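Read through the structure below, which is laid out as C-alpha cells, and then see the notes.
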Amino acid sequence: MIEKPFFRPRRLRTTAAMRALVRETRVHPRQLILPAFIRDGIKEANPIASMPGQFQHTEASLRKLARRCVDAGIGGIDLFGVPLDADKDARGSVAWADDGVLNRGLAAVRDEVGDDLVVVADTCLDEFTSHGHCGVLTDDGRVDNDATLELYAQMAVAQARAGAHVVSPSGMMDGQIRVIRHALDDAGFEEVAILAYSAKYASAYFGPFRDAVGSGLQGDRKTYQQDPANRREGMRETLLDLAEGADMVMVKPAASYLDVVADVAAKSQVPVAAYQVSGEYAMVEAAASNGWLDRDRVIAESITGIVRAGADIVLTYWALDPALHAFMQN
Numbered sequence: 371m372i373e374k375p376f377f378r379p380r381r382l383r384t385t386a387a388m389r390a391l392v393r394e395t396r397v398h399p400r401q402l403i404l405p406a407f408i409r410d411g412i413k414e415a416n417p418i419a420s421m422p423g424q425f426q427h428t429e430a431s432l433r434k435l436a437r438r439c440v441d442a443g444i445g446g447i448d449l450f451g452v453p454l455d456a457d458k459d460a461r462g463s464v465a466w467a468d469d470g471v472l473n474r475g476l477a478a479v480r481d482e483v484g485d486d487l488v489v490v491a492d493t494c495l496d497e498f499t500s501h502g503h504c505g506v507l508t509d510d511g512r513v514d515n516d517a518t519l520e521l522y523a524q525m526a527v528a529q530a531r532a533g534a535h536v537v538s539p540s541g542m543m544d545g546q547i548r549v550i551r552h553a554l555d556d557a558g559f560e561e562v563a564i565l566a567y568s569a570k571y572a573s574a575y576f577g578p579f580r581d582a583v584g585s586g587l588q589g590d591r592k593t594y595q596q597d598p599a600n601r602r603e604g605m606r607e608t609l610l611d612l613a614e615g616a617d618m619v620m621v622k623p624a625a626s627y628l629d630v631v632a633d634v635a636a637k638s639q640v641p642v643a644a645y646q647v648s649g650e651y652a653m654v655e656a657a658a659s660n661g662w663l664d665r666d667r668v669i670a671e672s673i674t675g676i677v678r679a680g681a682d683i684v685l686t687y688w689a690l691d692p693a694l695h696a697f698m699q700n
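This is how it looks when you write it as C-alpha cells:
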C-alpha cells in the first residue's frame, strides 16, 4: 500500500480565497508609478506606435492623465519631455528652461493634483540634446562626465522649481547624486527627494522608449550605462548613490535584472524601485495581440515577480490598467 503523504502543501491552494489568504507577495496601487510623456508642438495626444495604449501628451491631456492616476490611487507619475527638434542643441539647454516642455508639464501636473500624487521628473539630457546622449560631448565624441554634472544640477533645480516632488537622474554619470543634492539644497529645495537610477544597464529593451521620445541617438551608451553581464557592479553603483545621499534607488530594466533587484533590496536602507521598461511592455502587448499569451495574467505575474524580488516601487506603463487593478484587489 502506498503511504499517504503527511505534508500536503496543496491544502493551501484549494480555493481562490485560500490562495489569497496565504499569498506571500502582494502588490498595491500605491507602489506603482506611471511613466508618461509630454510632447511639444502637438494639439492632441499622439499614440506611440511601438507602445500600444501609450501616448505623447499635450498639457491638457497630461492633466487628465494625472487626475486618472489620483482617482486610481496609484503612487506617482514620472514625466519625460519630448521637445521640438528645433529646440534641441548640443548641451540640451531647453531641459532647464522654465518654459521648456518638461518643466511646463511638471507645473501643469502639480497644479492639477497638488500633493495627491507624487510627481517625479526624469533628470537626464538625452531627450533634449541634438546628438541624443545623456550628457555633453567632448571634441572626440565622448560623453564628458564632469561637465555634464553641472547641467544635471541646473536641470534638477529647474524641475524642483516647476513642482517636482522627486528628481530622478538617469544618466549614469559618476557623482551625479552628490552634485544634484548640493544644488537642490543650495537652492532651498531640501525637501525634494532624489530617486537614483543606480543600476541602469545598456539594454536592448529600451527600444520603444526611444521611439516615444523621438531620440536622435548617435552611437550607443555603453560607456556610461552598465554592461548587462555585470551583477556586482549594480550593487557597487547603488552603494555609491546611497553614500551620496540618494533617497530611493532604482534598477532598470526590471525583468532581466531581478537578481540585481534582489541584491539591492537586501542591502538598501532606502526604498528600492524597479522600472518595467518599454520593451517589456511592448513584447507582452505584441504577443497578446496575436493571441499567444494571456495578457492580463502575464501583466499581473510580471509585476508580482518584480515585487517578489524585493522592489518596493514599480515603474510600469500598466499602472492604470484595469486588469492589474482587478488583480490587486483580489
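Residue numbers for the sequence shown follow the working numbering, so the first one is 371 and each next one is one higher. Where a beta carbon is used, it is the ideal one built from N, C-alpha and C, also for glycine. Bear in mind the structure is a predicted one, so any value in this text is a computation, not a measurement.
Inter-residue spacing [alpha-carbon to alpha-carbon] between residue i and residue j
i: leucine 694; j: proline 422; result: 16 Å
i: glutamine 401; j: aspartate 510; result: 43 Å
i: leucine 643; j: isoleucine 564; result: The residue asked about is misnamed: residue 643 is alanine in this sequence, not leucine. If I take the Cα positions, the gap works out to 12 Å.
i: asparagine 515; j: valine 464; result: 19 Å
i: threonine 518; j: histidine 503; result: 11 Å
i: tryptophan 688; j: glutamate 520; result: 34 Å
i: arginine 378; j: valine 668; result: 28 Å
i: proline 641; j: alanine 390; result: 25 Å
i: glycine 615; j: valine 536; result: 13 Å
i: leucine 454; j: histidine 501; result: 14 Å
i: valine 506; j: phenylalanine 576; result: 21 Å
i: alanine 574; j: glycine 649; result: 8 Å
i: threonine 593; j: glycine 462; result: 19 Å
i: alanine 530; j: valine 684; result: 22 Å
i: tryptophan 662; j: glutamate 655; result: 10 Å
i: lysine 374; j: arginine 381; result: 14 Å
i: alanine 460; j: arginine 512; result: 13 Å
i: proline 692; j: proline 399; result: 11 Å
i: glutamine 524; j: alanine 387; result: 52 Å
i: threonine 384; j: valine 392; result: 11 Å
i: aspartate 457; j: arginine 591; result: 22 Å
Per DSSP, the bridge partner or partners of residue i
i: leucine 507; result: Val513
i: leucine 449; result: Ala406 and Ala491
i: proline 539; result: Thr493
i: lysine 622; result: Lys570
i: phenylalanine 756; result: Any property of residue 756 remains undetermined from this structure, which presents the chain solely from 371 to 700.
i: alanine 644; result: Val621 and Val684
i: glutamine 699; result: According to DSSP, glutamine 699 bridges with nothing at all.
i: leucine 565; result: Met618
i: threonine 674; result: The partner list for threonine 674 (beta bridge, DSSP) is empty, contrary to what the question assumes.
Same chain only: Cβ atoms within 6 Å of residue i, ignoring 5 sequence neighbours per side
i: alanine 658; result: Arg665
i: glutamine 424; result: Ile418 and Tyr687
i: asparagine 600; result: none
i: arginine 480; result: Val489 and Gly533
i: aspartate 682; result: Pro641 and Val642
i: proline 598; result: Tyr571
Sequence-distant residues of its chain with Cβ nearer than 8 Å to residue i (five each side left out)
i: alanine 528; result: Ala465, Trp466, Ala467, Asp468, Gly470 and Asn473
i: glycine 680; result: Val631, Ala632, Val634, Ala635, Ala636 and Val642
i: threonine 428; result: Ile408, Arg409, Ile412, Lys413, Glu414 and Ala415
i: aspartate 486; result: Val440
Cβ distance (whole Å) where residue i is taken to contact residue j below 8 Å
i: alanine 717; j: isoleucine 550; result: The first residue shown for the chain is 371 and the last is 700, placing residue 717 beyond what the model contains.
i: glycine 541; j: tyrosine 522; result: 7 Å
i: glutamine 596; j: alanine 624; result: About 14 Å separates the two Cβ atoms, so there is no contact after all.
i: glycine 533; j: alanine 477; result: 5 Å
i: proline 578; j: serine 420; result: 4 Å
i: leucine 432; j: glycine 475; result: 6 Å
i: arginine 437; j: glutamate 394; result: Not really, about 34 Å apart at Cβ, beyond 8 Å.
i: aspartate 611; j: valine 621; result: Incorrect: roughly 11 Å between the Cβ atoms, too far for contact.
i: serine 568; j: threonine 608; result: 4 Å
i: alanine 430; j: leucine 690; result: Wrong, their Cβ atoms sit about 18 Å apart, outside the cutoff.
Residue i Cβ short of 7 Å to the ligand SAH heavy atom set
i: glutamine 424; result: The ligand content of the structure shown is nil, which means the ligand SAH is not present either.
Nonlocal neighbours in the same chain, by C-beta distance under 7 Å from residue i, ignoring five residues either side
i: valine 397; result: Ile673, Thr674, Val677 and Met698
i: methionine 371; result: none
i: valine 488; result: Gly445, Gly446, His535 and Val536
i: aspartate 544; result: Asn515
Touching by the beta-carbon criterion (3+ pairs, under 8 Å), the segment 579-591 and the segment 488-498:
Judged by pairs of C-beta atoms under 8 Å, the segment 579-591 touches the segment 488-498, as three or more such pairs exist.
Could you tell me whether the segment 547-566 touches the segment 586-595, using the rule of 3 or more Cβ pairs below 8 Å?
No, they do not touch.
Examine the Cβ distances between the segment 392-410 and the segment 448-459 and report whether three or more of them are shorter than 8 Å.
Yes, the segment 392-410 is in contact with the segment 448-459.
Are there three or more Cβ pairs, one per stretch, closer than 8 Å when the segment 669-678 is compared with the segment 597-605?
Touching, no.
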